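Okay, so here's the structure we're looking at.
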Amino acid sequence: MPEDQELDALRQRKIQELQARAQQEAMANERKQQVDAQKTLLMRQLLSPEARERLANLRMTRPDIVENVENQLIMLVQSGRVTQQIDDYTLRQILRKVMPTKREIKIERR
């Protein structure tokens, strides 16, 4: 019988650990959703409709670059360096600076 009690105690501890982990993950997901909602709202205010559309299209192919640009724009707004809405032309200039340069591959046939 003491073995059964030990097993029950182990099961209860494991269940509590799993519940605590699930609760932490739920809280982390909720925080991430709140941050994403705030970021979306800020981008809506900061970017012109054309610039938002360009970022949405780029997000399909290069989400890492879009995330980087959005974070940089948020930092610029927080530091007070950006005071007006960013249009498509300005966003394209920013993207040119952020995008890695493409290397040209040449194949020589002999």
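Residue numbers 57 to 166, in our numbering, belong to the letters of the sequence shown in order. No residue lacks a Cβ here, since even glycine has one placed at the ideal position from N, Cα and C. Being a predicted model, the structure only gives us computed values, none of them experimental.
Among residues of its own chain, excluding the 5 on either side of residue i, which ones have a beta-carbon nearer than 8 Å to its beta-carbon?
i      : result
Ala82  : none
Leu132 : Val138
Asp64  : none
Ala84  : none
Give me, in chain order, the residues of the same chain whose beta-carbon lies closer than 7 Å to that of residue i; leave out the 5 immediate sequence neighbours on both sides.
i      : result
Glu109 : none
Ala107 : Ile142, Asp143, Asp144 and Leu147
Along the chain, where does the alpha helix (DSSP H) containing residue i start, and where does it finish?
i      : result
Glu160 : First-last for Glu160: undefined, no H or E at that position.
Met131 : Pro119 to Ser135
Could you tell me which residues DSSP pairs with residue i in its beta bridges?
i      : result
Leu66  : For Leu66, which the question treats as bridged, DSSP gives no partner whatsoever.
Ile142 : Leu103
Cβ atoms of residue j and residue i: under 9 Å apart, would you say?
i      : j      : result
Met155 : Glu126 : no
Leu102 : Ile121 : no
Spell out a yes or no on whether the stretch 133-142 and the stretch 111-119 are touching, meaning 3 or more CB-CB pairs, one atom from each, closer than 8 Å.
With a cut-off of 8 Å, the stretch 111-119 and the stretch 133-142 do not count as touching, because too few Cβ pairs lie within range.
So, does the stretch 83-93 touch the stretch 120-138, judging by three or more C-beta pairs under 8 Å?
With the cut-off at 8 Å, the stretch 83-93 and the stretch 120-138 do not touch.
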